Every structure is written in C-alpha cells, then in structure tokens.
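Working notes, beginning with the structure itself.
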Amino acid sequence: MIKALKNLPILAKLSLNSCNLIIPCLEALKEALIDNTVLAEISLYSNEIDAEGAQLIAQTLVNKSNLRTLGLSNNMIGTGGARELASVCLMHLTSLQRLALESNLVGNLGLDAMTTALAHNTSLKEIFLYNNDLDDDPMAEFANMLSNKVNLQTLGLEYNRVRSRGANHIFEVLKALPNFERLFFSHNLISETSAEPIKQLLAISPSLKEIRLNDNDQIGDEAGLVIAQGIHASSCIKVCHLSDTKLSGKSAAKLCEVIRKKNSSLKDLDISNNLIIMDDIEMLANAFKESHIECLNIRNNIVSAEEIVAFEHLLVPVCTMAKRKFIF
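If you count the sequence shown from 1, you need to add 645 to reach the numbering used here.
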C-alpha cells in the first residue's frame with residue numbers, strides 16, 4: 646500500500662496513524678514520497694517510531710516546503726530523533742503551521758536542537774510538546790525562539806517538569822504575541838513566583854482565550870489571588886482551569902468578583918480539587934447565579950456531608966440551572 650503512494654505525486658494529505666510503521670515501512674514511505682513536493686499534512690501518530698525511524702522521516706520531508714502539519718505524537722523518537730528532525734528538515738519546512746510531538750521523550754537536548762532549527766520560522770500556529778521530559782533548562786532559549794512567532798495561537802507544554810524559573814520566560818514572551826489564544830501548562834511544577842507573570846499575561850494579552858494550569862500544586866492561595874486579578878483584568882479570557890493548585894479563601898473571594906463582572910468574557914472556570922471551604926462555596930454559588938458564566942466546577946473541595954445537607958436549599962437550584970453547569 647505504501648509503495649502505491651508513489652503513483653500519487655499530488656498527494657496533499659497522508660494519515661498513517663497506529664499502523665505499526667517499522668523501519669522497512671518507513672524506508673518504503675521515503676521512496677514513495679521522495680518526489681512529492683505538494684504534501685501539506687502528514688500524520689504518523691502512535692507507530693512506535695524511534696530515532697532511526699525519525700531519521701528516515703526527516704529525510705522524507707527535507708524537500709516538503711509546503712508542509713503545514715507534522716504529526717508524530719505518541720511515538721518514541723527521543724532526543725536522537727528530535728535532533729535528526731532538527732538538523733535535516735525542520736529548518737526547510739518554511740510553511741509549517743502545526744507541530745505535534747506529544748509523548749516522545751524529546752528531552753532538553755532535543756528541544757534545544759528544534760529551537761535552533763525553528764528560529765526563523767514565522768508560520769507556526771500550534772506547537773504541542775506534552776509529556777516530553779522537559780524541565781527549566783531549555784525554556785529561556787525556547788521562549789526566545791517563540792518571540793517572532795506572530796501567528797502562534799496554541800502552545801501545549803503539559804505533563805513536563807517545568808518550574809517557575811523556566812515557565813516565566815514563556816509567560817513573558819506570550820503576552821506580546823498578537824494572535825496567541827491557548828496555553829496548556831497543566832501538570833508541571835510552577836509555584837507562587839509565577840503569579841505575577843501569569844497575571845501580566847492575562848491582563849496584557851490582546852487575544853488569550855484559554856489557559857489551563859491544573860495540577861501545579863505549588864501555586865497556593867496567595868498566588869491564586871494574583872492570578873485571579875489577572876483574570877479580572879483580561880478582556881478576552883473564556884476558559885480558565887486552576888484545579889489542584891491549592892487555592893482557598895483569598896482566591897475564592899477574588900474569583901467571586903471575576904464571576905460577577907459585567908461584560909466578562911469568561912465562560913468556563915474550573916477550581917475543583919482545591920482547599921475552598923463551604924462558606925466560600927456559598928459565595929461562589931451566589932456569584933454564579935448572578936452571572937453569565939456557563940460552567941463553574943468547584944467539585945472536591947473541603948466540604949463535609951453535613952454542610953452539603955445544610956446548604957442543599959442553595960446548591961440544588963444552582964446545580965439544575967438550564968443551559969448552565971454548576972459542578973459541585
């Protein structure tokens with residue numbers, strides 16, 4: 646089947662996900678696509694592709710200047726494979742808009758190589774690097790590389806080990822990008838020292854619509870208050886997820902103001918799995934009733950069964966509001 650692709654010189658889209666593409670298959674794919682210069686999208690998710698396979702893919706793509714989407718998520722290219730992509734083809738993919746490399750064990754050195762290769766690319770709109778064994782060390786240079794990505798809309802760095810020292814470089818750069826809309830930074834290690842940079846990102850960005858910071862449990866309530874101030878100042882944020890971040894009373898009080906804010910853009914707020922007590926949940930429920938927010942998730946905070954019964958008269962009407970979700 647792969648060899649037959651050679652007879653399709655104008656093939657623009659190719660999806661071979663979960664096809665067990667062993668080395669002979671990738672060699673055949675390289676031969677079949679070698680003369681194709683119109684390929685715009687290639688998706689090879691979940692094929693157990695290693696560094697050797699990544700080398701063959703890089704050689705396949707070296708002349709694909711029209712390629713807009715490169716999808717290699719859920720493989721195992723590792724640092725070696727990332728370096729092969731960087732040294733052989735990434736700098737030549739001048740039309741690349743979507744780079745998806747989730748769950749590939751790219752590592753810091755692999756990201757360093759890709760950062761260098763993508764330095765002059767200004768077409769990128771989406772970068773997904775979830776679960777790649779990344780920490781603080783490459784983030785300053787990676788952020789610097791992002792500074793000219795005026796078309797960037799989405800950045801995914803979830804499930805890594807990035808602390809505030811590295812993350813703050815990212816937050817600083819993103820606030821200046823005119824089209825940036827979605828930041829996925831859940832399941833990292835950012836702490837209270839990221840509060841002000843996140844606040845500035847929320848307050849200053851002209852386009853940020855979605856931010857996910859779930860499971861960064863070193864943030865805490867003082868930092869949560871500062872982040873909530875940023876949400877309040879934002880003119881465009883629609884989705885904000887802050888579950889498992891150790892928020893409590895101060896954050897909850899400010900978020901009540903956020904929820905009640907007239908003409909607020911916010912539609913979806915997740916503050917589940919935090920340290921919010923029943924008194925604050927009552928305030929949030931009342932704020933929700935008076936707002937236009939569509940979804941408020943406060944599940945799994947510090948509430949006893951007795952308190953739920955005592956406040957049932959308040960919670961039941963809120964939880965059953967038509968076309969709106971109060972998740973408790």
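Heads up, the beta-carbon is just placed ideally off N, CA and C, and yes, glycines get one too. Please read these numbers as outputs of a predicted model, since none were measured by experiment.
Notebook entry, point to check: Okay, do the segment 748–757 and the segment 773–785 touch, 3+ Cβ pairs below 8 Å being the bar?
Noted result: yes
Note to self: My output table needs one value for residue 832: the three-state DSSP class, helix, strand or coil.
What the structure shows: coil
Checklist line | Segments assigned beta strand (DSSP E), at least 3 residues, entirely inside the segment 656–737 | finding: 658–660, 686–688, 714–716
Check: Exposed or buried, what is residue 915 when buried is set at 16 or more other beta-carbons lying within 10 Å of its beta-carbon?
Finding: buried
Check: Taking just the CA atoms, how far does residue 782 sit from residue 872?
Finding: 25 Å
Margin query: Is the beta carbon of residue 963 closer than 8 Å to that of residue 930?
Written below: yes
Next item on the list: Using 10 angstroms around the beta-carbon of residue 687, count the other beta-carbons present and answer buried if the total reaches 16, otherwise exposed.
Entry: buried
Next item on the list: Please list the segments of the beta strand (DSSP E) lying wholly inside the segment 900–958, counting only runs of 3 or more residues, in order along the chain.
Entry: 913–915, 940–942
Next item on the list: With a threshold of 16 other CB atoms inside 10 Å of the CB of residue 857, please say whether the residue is buried or exposed.
Entry: buried
Notebook entry, point to check: Given a threshold of 16 other Cβ atoms within 10 Å of its Cβ, counted over all protein chains shown, does residue 979 qualify as buried or as exposed?
Noted result: The question about residue 979 has no answer here: the residues shown for the chain are numbered 646 through 973.
Margin query: I'd like to know whether the C-beta of residue 919 is nearer than 8 Å to at least one C-beta of chain B.
Written below: Absent from the structure: chain B. Only one protein chain is present.
Notebook entry, point to check: In chain order, which continuous runs of the alpha helix (DSSP H) of length 4 or greater are located wholly inside the segment 768–803?
Noted result: 784–791
Notebook entry, point to check: Can you pull the DSSP bridge partners for residue 855?
Noted result: 827, 884
Note to self: According to DSSP, is residue 743 part of a helix, a strand, or is it coil?
What the structure shows: strand
Check: For the beta strand (DSSP E) that residue 864 lies in, which residues bound it at each end?
Finding: No beta strand (DSSP E) contains residue 864, which DSSP labels as neither H nor E.
Next item on the list: Consult DSSP for residue 647 and reduce its assignment to one of helix, strand or coil.
Entry: coil
Note to self: For residue 771 and residue 958, what's the separation of their Cα atoms in angstroms?
What the structure shows: 46 Å
Item checked: Enclosing beta strand (DSSP E) for residue 971 [first to last residue] -> 970–972
Notebook entry, point to check: If we count the other Cβ atoms within 10 Å of its Cβ and call it buried at 16 or more, is residue 719 buried or exposed?
Noted result: buried
Next item on the list: Please name the residue in 837, 730, 690, 800 whose C-alpha comes closest to that of residue 866.
Entry: 837
Notebook entry, point to check: Which two residues bound the contiguous alpha helix (DSSP H) that contains residue 848?
Noted result: 840–849
Notebook entry, point to check: Is residue 810 helix, strand or coil when you go by DSSP?
Noted result: helix
Checklist line | Through-space distance from residue 882 to residue 796, alpha-carbon basis | finding: 18 Å
Notebook entry, point to check: What are the boundary residues of the alpha helix (DSSP H) that residue 754 is part of?
Noted result: 752–762
Item checked: Backbone CA spacing between residue 877 and residue 810 [nearest angstrom] -> 25 Å
Notebook entry, point to check: Are the beta-carbon atoms belonging to residue 853 and residue 879 less than 8 Å from one another?
Noted result: yes
Next item on the list: Quick one: using the 10 Å Cβ neighbour count with 16 as the cut-off for buried, is residue 924 buried or exposed?
Entry: exposed
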